[in-house]
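Student:
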Amino acid sequence: MEVDELMEVSCLGPDKAWELFQKKVGERTLKIHADIPDLARQVAGKCSGLPLALNVIGETMSCESTVQEWRRAVDVLTLSAADFSGMKDEILPILKYSYDSLNGEVVKSCFLYCSTFPEDYLIDKERLVDYWICEGFIDESQSRERAINQVYEILGTLVRACLLVEGEMNNISYVTMHDVVRDMALWIASDLGKDKEIYIVQAGVDLRNMPDVKNWKGVKKMSLMRNNIERICGSPECAQLTTLFLQKNQSLLQLISLRYLDLSRTSLEQFHVGSQELTKLIHLNLESTRKLKSISGIANLSSLRTLGLEGSNKTLDVSLLKELQLVEYLENLTIEFSSGMVLEQLLSCHMLVKCIQKMGLNNLGESTRILTLPTMCVLRRLNVSGCRMGEIQIERTTPSFQNLSRIDICVCYRLKDLTWLVFAPNLVDLRVKYSNQLEEIINEEVAARVARGRVPFQKLRSLNLSHSPMLKSITTRKHKFYEGSFPRYFVVKAVLRRISEETRFVVIRLS
1 MEVDELMEVS CLGPDKAWEL FQKKVGERTL KIHADIPDLA RQVAGKCSGL PLALNVIGET
61 MSCESTVQEW RRAVDVLTLS AADFSGMKDE ILPILKYSYD SLNGEVVKSC FLYCSTFPED
121 YLIDKERLVD YWICEGFIDE SQSRERAINQ VYEILGTLVR ACLLVEGEMN NISYVTMHDV
181 VRDMALWIAS DLGKDKEIYI VQAGVDLRNM PDVKNWKGVK KMSLMRNNIE RICGSPECAQ
241 LTTLFLQKNQ SLLQLISLRY LDLSRTSLEQ FHVGSQELTK LIHLNLESTR KLKSISGIAN
301 LSSLRTLGLE GSNKTLDVSL LKELQLVEYL ENLTIEFSSG MVLEQLLSCH MLVKCIQKMG
361 LNNLGESTRI LTLPTMCVLR RLNVSGCRMG EIQIERTTPS FQNLSRIDIC VCYRLKDLTW
421 LVFAPNLVDL RVKYSNQLEE IINEEVAARV ARGRVPFQKL RSLNLSHSPM LKSITTRKHK
481 FYEGSFPRYF VVKAVLRRIS EETRFVVIRL S
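The sequence shown begins at 1 in the UniProt record's numbering and counts up by one.
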């Protein structure tokens with residue numbers, strides 16, 4: 001690609017302009033039909049001698065092989081000149097013809113997205129993969145390799161159209177956008193200048209405050225990167241905002257005084273912390289972030305005490321586990337697992353085990369046939385779902401789940417009993433569903449051997465047992481349920497086929 005020609009800004013005379021345009025269109029295209037050279041001269045004339053327009057439009061027309069397509073180009077460019085006469089930058093309507101000629105809305109959307117970066121910004125191609133997946137331009141269900149291939153295909157189309165320029169620096173492939181092409185993209189994104197608050201791009205313009213926006217509800221993209229914004233004021237309602245770039249606002253990103261950050265139940269997809277950011281943050285809540293895909297830099301939160309990840313889409317993996325082990329002052333942790341290997345590593349780390357308040361185990365496979373839990377004194381809630389273990393054991397030291405108050409077990413087909421619950425003296429709410437092989441909640445023989453006089457379920461207030469057809473008993477004969485054992489609002493929702501009539505009667509009577 002002739003980068004020097006593309007960056008030229010001075011106007012060319014008619015002969016030089018025609019020479020450049022011919023070079024971009026190509027001799028083969030010009031010779032397809034006798035009428036095309038004359039039409040090509042008319043198209044070149046519409047570019048007003050501007051090298052950028054000659055390059056971009058010439059590249060676009062190099063693919064047009066019929067007289068009809070060339071005539072249409074002349075008509076469109078003529079109408080554009082008339083419709084947008086008086087514009088400060090008359091080249092934009094001319095360049096728009098190249099945009100309109102792009103094949104498909106996805107390619108067009110990807111092109112417009114590149115305008116959210118600052119002028120002359122080197123856009124990392126690999127990073128565009130994540131950006132465009134988040135925007136929905138790229139199918140997130142496909143493999144990473146296929147997504148990368150699709151991004152490179154789109155970028156290749158835009159480079160060949162002279163709408164982007166590609167390069168490489170320090171082994172990183174990038175694309176960049178000519179200033180005028182970027183202006184054209186922002187003009188198109190703003191509905192041809194009619195609504196400049198659809199795309200708010202004020203990147204790298206030394207802003208000190210957030211921009212004054214009249215209609216926050218209409219904002220779709222906002223790029224304020226590379227500024228000096230110190231604070232975000234107010235709580236604007238941004239119903240359509242899908243992209244917000246605030247990186248490299250050093251005063252804002254450090255947020256020296258911020259101690260509590262709650263991003264729970266948001267559509268957050270990535271959370272990354274740099275080495276000098278959020279240094280005084282104590283509480284970070286990312287619970288129920290169902291779209292969260294990546295977390296990095298947690299180890300940089302040097303003051304962090306509480307981290308909530310329960311219900312997020314991001315389960316604990318090896319890299320996040322390593323970062324958590326570096327958080328020196330962590331005291332409270334809510335988290336979920338879907339890997340038996342990672343769970344085993346965490347349970348062997350006493351520093352983290354003593355922090356876990358809520359824990360979810362989801363879809364643990366065959367490798368976790370027996371789950372052995374260490375003493376977890378601060379654990380308040382445990383959720384086990386879709387796991388294949390046949391037994392939950394407790395370490396033989398001095399087991400204690402002193403604060404465990406709620407347990408949810410669902411679709412654990414191989415569990416036979418839950419005798420370990422004798423070590424949860426303050427259990428208030430027990431819910432067991434769709435556990436086809438569950439025969440007993442408390443196994444009498446095992447309890448006699450390990451309970452050491454502990455009486456189970458003394459504080460139980462709610463019991464939900466459903467779709468467990470093999471269940472025969474809830475507790476031992478020695479520790480029967482009896483009237484007065486539970487508050488009046490003790491509730492049972494049971495679909496039990498094998499439980500004794502005596503137990504069924506008492507449970508129903510107390511519910």
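Every residue, glycine too, gets a C-beta built ideally from N, C-alpha and C.
Suppose the cutoff is 6 Å on Cβ atoms and the five residues either side in sequence are ignored; what does the same chain contact list for V181 look like?
Tutor: Within the sequence shown, the letter at position 181 stands for residue 181. Cβ neighbours of V181 beyond the five flanking positions: L163.
Student: Measuring straight from C-alpha to C-alpha, what distance separates R449 and L261?
Tutor: Stepping through the sequence shown from its first residue, residue 449 is reached at position 449. Stepping through the sequence shown from its first residue, residue 261 is reached at position 261. Spanning the two alpha carbons is a distance of roughly 47 Å.
Student: May I ask you to report which of helix, strand or coil DSSP gives I409?
Tutor: Taking the first residue of the sequence shown as position 1, residue 409 is located at position 409. I409 falls in the strand class under three-state DSSP.
Student: Restricting to runs no shorter than 4 residues, where is the alpha helix (DSSP H) found entirely within the segment 291 to 351?
Tutor: The segment 291 to 351 contains these whole alpha helix (DSSP H) runs: 318 to 324, 340 to 347.
Student: Is the beta carbon of D417 closer than 9 Å to that of N383?
Tutor: Residue 383 sits at position 383 when you count from the first residue of the sequence shown. Residue 417 sits at position 417 when you count from the first residue of the sequence shown. For N383 and D417, no; Cβs fall outside 9 Å.
Student: Tell me where the alpha helix (DSSP H) around T289 begins and ends.
Tutor: Along the sequence shown, one-based indexing puts residue 289 at 289. Counting along the chain, T289 falls outside any alpha helix (DSSP H), and DSSP gives it neither H nor E.
Student: Which first and last residues belong to the alpha helix (DSSP H) in which S109 is found?
Tutor: The residue labelled residue 109 in the question sits at position 109 within the sequence shown. It spans 105 to 113 - the alpha helix (DSSP H) in which S109 sits, taken as one unbroken run.
Student: Spatial neighbours of residue 546 within its chain, please: CB distance less than 6 Å, with the 5 preceding and 5 following residues excluded, ordered by chain position.
Tutor: The first residue shown for the chain is 1 and the last is 511, placing residue 546 beyond what the model contains.
Student: Please report how far the alpha carbon of S473 lies from the alpha carbon of K358, in whole angstroms.
Tutor: Numbered from its first residue, the sequence shown carries residue 473 at position 473. Numbered from its first residue, the sequence shown carries residue 358 at position 358. In a straight line, the C-alpha of S473 is about 28 Å away from that of K358.
Student: Note down the Cα distance separating K31 from S65, rounded to an integer number of angstroms.
Tutor: Here residue 31 refers to the residue found at position 31 of the sequence shown. Here residue 65 refers to the residue found at position 65 of the sequence shown. Cα to Cα, K31 sits roughly 9 Å from S65.
Student: Which same chain residues, not among the five before or five after L20, have their C-beta less than 8 Å away from its C-beta?
Tutor: In the sequence shown, the residue the question calls residue 20 occupies position 20. Cβ neighbours of L20 beyond the five flanking positions: E5, L12, P51, L54, N55, G58.
Student: Measure from the alpha carbon of A73 to the alpha carbon of each residue in L92, L460, I91, Y97, then state which is nearest.
Tutor: Sequence index remark: in the sequence shown, residue 73 carries index 73 (1-based). A73 has its Cα closest to that of Y97, out of L92, L460, I91, Y97.
Student: List the endpoints of the continuous alpha helix (DSSP H) containing G360.
Tutor: Taking the first residue of the sequence shown as position 1, residue 360 is located at position 360. Element bounds for G360: not the alpha helix (DSSP H) but the beta strand (DSSP E), 356 to 362.
Student: Would you decide whether Q240 is buried or exposed? Buried here means 16 or more other CB atoms lie within 10 Å of its CB.
Tutor: Within the sequence shown, numbered from 1, the residue matching residue 240 stands at position 240. Answer is exposed; the Cβ neighbour count stays below 16.
Student: What does a CB cutoff of less than 6 Å around S338 pick up in its chain, not counting 5 residues either side in sequence?
Tutor: For the purposes of this step, residue 338 is taken as the residue at position 338 of the sequence shown. The answer, listed in chain order, is T315, N362, N363.
Student: Look at Q270 and C134 and say whether their C-beta atoms are less than 9 Å apart.
Tutor: Here residue 270 refers to the residue found at position 270 when the sequence shown is read from its first residue. Here residue 134 refers to the residue found at position 134 when the sequence shown is read from its first residue. Going by C-beta atoms, Q270 is nearer than 9 Å to C134.
Student: Sort M184, F111, N171 by Cα distance to T157 and report the nearest one.
Tutor: As a working note, residue 157 is residue 157 in the sequence shown. Of the candidates M184, F111, N171, the one whose C-alpha sits nearest the C-alpha of T157 is F111.
Student: Should H33 be labelled buried (16 or more other beta-carbon atoms within 10 Å of its own) or exposed?
Tutor: Position 33 of the sequence shown, counted from the start, is the residue given in the question as residue 33. Counting Cβ neighbours within 10 Å, H33 comes out exposed, since fewer than 16 surround it.
Student: Rounding to the nearest angstrom, what Cα-Cα distance links M341 and M184 in this structure?
Tutor: Translated into the one-based positions of the sequence shown, residue 341 becomes position 341. Translated into the one-based positions of the sequence shown, residue 184 becomes position 184. Distance between the alpha carbons of M341 and M184 is about 52 Å.
Student: Using only alpha-carbon positions, find the residue among G308, K24, G386 that is nearest to T60.
Tutor: Along the sequence shown, read from residue 1 onward, the residue named residue 60 stands at position 60. Measuring from the Cα of T60, the nearest candidate turns out to be K24.
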